[in-house]
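For reference, the structure is listed below as structure tokens.
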Amino acid sequence: MNPLFMSLLLIVGLAIFGRTMVQKIQLLMALEPTDRVNHIMDRIKNVVIIALAQKRLVGRKKEWAAGIMHAFIFWGFCILLIRSLNLYGEGFVKGFQLPLFGDGSILGYLYIALKDVMEGIVLLMAVYAIFRRAVLKPTRLHNTWEAYFVLGMIGVLMISDLLLDGARYNLIMLHNNPDHLHFFNNPQYGSEFLWTPVSVGAASLISGFSADANRLILTTMFWLHIITQLTFLNFLPLGKHFHVITALPNVFLKNLGYPHEKTKLLDLEDESVWEDESLGINHIHQLNWKQGLDLYTCTECGRCKEVCPTYTTDKPLNLHDFNDTLKAELFDNADNLIKRAKLAATIKEDGDPEQNEEIKAQMAELNSKKPLIGDVISEDTLWACTTCRACEQVCPVTIEHVPRIMAMRQGQSLMAGVYPQELNVALKGLERNGNPWGIGYDKRAEWADGLDVKTMADDADVDYLLWVGCAGSFDDRSKKVSKSLVKILQKANISFAILGKEEKCTGDFARRVGNEMMYQMMAQENIETLNNYKVKKIIAACPHCLNALKHEYPQMGGNYEVIHHTDFIDQLIKSGKITLTKSLEGALTYHDPCYLGRYNSIYDQPRSILEAISKDGLKELDRHGQESFCCGAGGGRMWMEETIGKRINVERSEEIAGQEVATVAVACPFCLTMIEDGMKELDKDEDIKTQDIAELVANNMA
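Right under this line is the structure:
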């Protein structure tokens, strides 16, 4: 026991740590505001399930061993927190024990047993982690000296504590008197070793040493443990292991409700945002503090790039590098950002206008002048993203990648006026005819000729509006899906109508490529039309339309009950309004559309339908459900050419072909186009038919 030395270690260690953390927090608070402190109980639930229970690591089938390894190291540190507090107390008070954990209490015995076993497990996990990095070398990992250093420190912490208890055990056995111990004075402690098999094993390694040698080991291990722990604490904020500190807060502050954070609705009527060039994200100071916390929290585990359709097909978007580059830019501008925030705090609403303007001018001088896109992140990197959200689905610390990318696209499109020129044709089509194909808007309902489908203008007194979408109206292949869906609805005697030439693109495509102005124009026109007809319920065959109408139109006052056609058909089947025959022959698989699954959590309904029509049942792809692989069309990529690396739709089509199926079912017009084209490129289109679920149902109704 040496209170002076312990005090010195704690003062120095915690002072350095505190100074570092203050700087990190000041930098976060210097970024743009965002509201994330609401629905506290839901946030606590996320922390318990995602962070404490390590759901995204333990629950993932792929690399389950790595997930278990990381989870046990995390759980071990949580359990050993009590032990650490006890050791700090013992540095000041001989025989110190935390309340409820001493005096031979059963809680104390149970904790000692748990702590002992967990230290052994954590040590084994650290050894496995080193072996995995040095020998197995998974491609997604970044093998840095930092990772080995941290794993080494974890090993030192476990070994030092086990040898400390081992030496203590030997002294008790040698002298049968716990008073010989320098830091511990529990007369019942000898019996506790019946609960500590790992520590007893450590004791056997040094059992041949003398009492003095065991005392030296005990003392050395005690201070080694304390010094290593404080060194570890101060090392964490300096690199990727900062996530040990920030992961729980980041999970607590994650987006709630909608499966992901909605694209921000920009106030385009505010003249100041145009003057300040503050639409979207163009410079590092325009990140909000949650986006900054995301950068702090990146573990560099590589799970995001492993599932990213762009990275796996050799595109330049590497989310690890993307985050790391932005974080470096953030740190490079830290001093100016903090000064800027301090100046902003001096602006008073009722203060002298001239003085406020002077302060704003000083703030502008501190803004980063370096454009993020071009100087920090390449244009090819930004526009490669398909917005599929596979990265967010697997991120163990809930980093929100896509909203940041969308905000950067907004900045490029609205402020810089820079975007892939190949988008011009589709954007002009939206502007002139309300669809990216650019076909005359008056031809939107021609697909329904002869089907006895009425429009809302003919009769608005219907239960449902069928939102056909641009693909279902103008693309020859997708028109067949629209006709099949009409056949199903008529068979079930559903009261519905379409808008016909009054329907326009939802604007989803424009929003994904950052053209918020075009999106809002399209959305406002559609909302006025829908509200004019007092539409309440909408059936949509396109997941992109579904997502916009259901989740994004409410931002502009358009509130409707929107259901995807697979969900609606599933309800029709279960209610007995349509009957299916189990007549589809040949192996069948299903491709989960990103905007149906990860954006709207619709996974079971399509599978329930397919199981009802297939003689041989459903054969799942290796990447399915939440881990489905993108077709490559999302994020506006449908209207851009793939000139870098392998085509994403070919990658997905190869996976489907490898399953040796006769039919691949889809539930999205974009996926239908991309998968069908992929099969043609592989010369598999005659062997494997690509069909929408509506087509399969229409062909297999009793």
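Residue numbers (the working numbering): 884 to 1585.
Beta carbons are placed, not taken as given, at the ideal position from N, Cα and C, and that holds for glycine.
For the pair Pro1120 and Lys907, the CB atoms are nearer than the 9 Å cut-off. Exclusion of the five residues before and after Lys1460 leaves Ala1375 as the residues of its chain whose Cβ lies within less than 6 Å of its Cβ. In the structure shown, the three-state DSSP call for Ser1497 is strand. Thr1264 is bridged by DSSP to nothing; it lacks a bridge partner. Distances from the CA of Ala1224 to each of Gly1234, Ala1247 and Asp1207 were compared; the closest alpha carbon is that of Ala1247. In this structure Ile1485 does not touch Leu1493 by the C-beta definition: roughly 13 Å separates them, more than the 8 Å allowed. Inter-residue distance for Asp1335 and Gln1403 is about 33 Å (C-alpha atoms, whole angstroms). The alpha-carbon of Lys1370 is positioned some 12 Å away from that of Ile1452. DSSP, reduced to helix, strand and coil, places Leu1200 outside both helices and strands of the structure shown, so it counts as coil. Under DSSP, Asp1575 shares a beta bridge with Val1549. Counting along the chain, Trp1350 sits inside the beta strand (DSSP E) bounded by residues Tyr1347 to Trp1350. The DSSP assignment places 1126-1135 as complete runs of the alpha helix (DSSP H) inside the region 1110-1135, in order along the chain (cut-off: 4 residues). A direct Cα-to-Cα measurement between Leu1413 and Pro1437 gives close to 13 Å. By a beta-carbon distance limit of 8 Å, Leu1113 contacts Leu892. Their separation comes to about 6 Å. When only Cα atoms are considered, Phe979 and Gly985 end up about 9 Å apart. Assignment of Leu964 by DSSP, reduced to helix, strand and coil, places it in the helix class. Of the candidates Val1033, Leu1382, Ile1110 and Ala934, Ile1110 places its Cα closest to the Cα of Ile894. Secondary structure at Asn1097: helix, using DSSP grouped into helix, strand and coil. Contact between the region 1165-1183 and the region 1205-1213 is present: three or more C-beta pairs spanning the two stretches fall below 8 Å.
In the DSSP assignment, Glu1329 forms no beta bridge with any residue. If you draw a straight line from the Cα of Leu993 to the Cα of Ala954, it is about 21 Å long. Bounds of the beta strand (DSSP E) holding Ile1421 are Lys1420 to Ala1423. Counting C-beta atoms within 10 angstroms of its own C-beta, Ile1446 has 16 or more neighbours from the protein chains shown and is therefore classed as buried. Excluding the 5 residues flanking it on each side, Asn1138 has same chain C-beta neighbours closer than 7 Å at Glu1144 and Glu1283, in chain order. DSSP places Tyr1436 in the helix class (H, G or I) of the three-state scheme.
The residue among Thr1270, Ile1164 and Glu1241 with its C-alpha nearest the C-alpha of Thr1193 is Thr1270. Judged by beta-carbon spacing, Arg1292 lies beyond the 9 Å limit of Gly1383, meaning their Cβ atoms are not closer than that value.
Between Lys1420 and Ile1381, the C-beta spacing is not below 9 Å.
Between Phe1392 and Gly1352, the alpha-carbon positions lie close to 12 Å from each other.
For Trp1522, the number of other beta carbons within 10 angstroms of its own is at least 16, and it is reported as buried.
Inclusion of Ser1261 and Pro1199 in the CB contact set at 9 Å is warranted, their separation being smaller than that value.
In this structure, Asp999 lies near Asp1048, with their beta-carbon atoms less than 9 Å apart. For Ala1267, the CB contacts under 7 Å within the same chain, skipping 5 residues up- and downstream, are Thr1193, Lys1198, Pro1199 and Leu1200 in chain order. Under the three-state reduction of DSSP output, Val1544 falls in the coil class, being neither helix nor strand. Nearest in C-alpha terms to Tyr1141, of all of Asp1570, Arg902 and Ala1431, is Ala1431.
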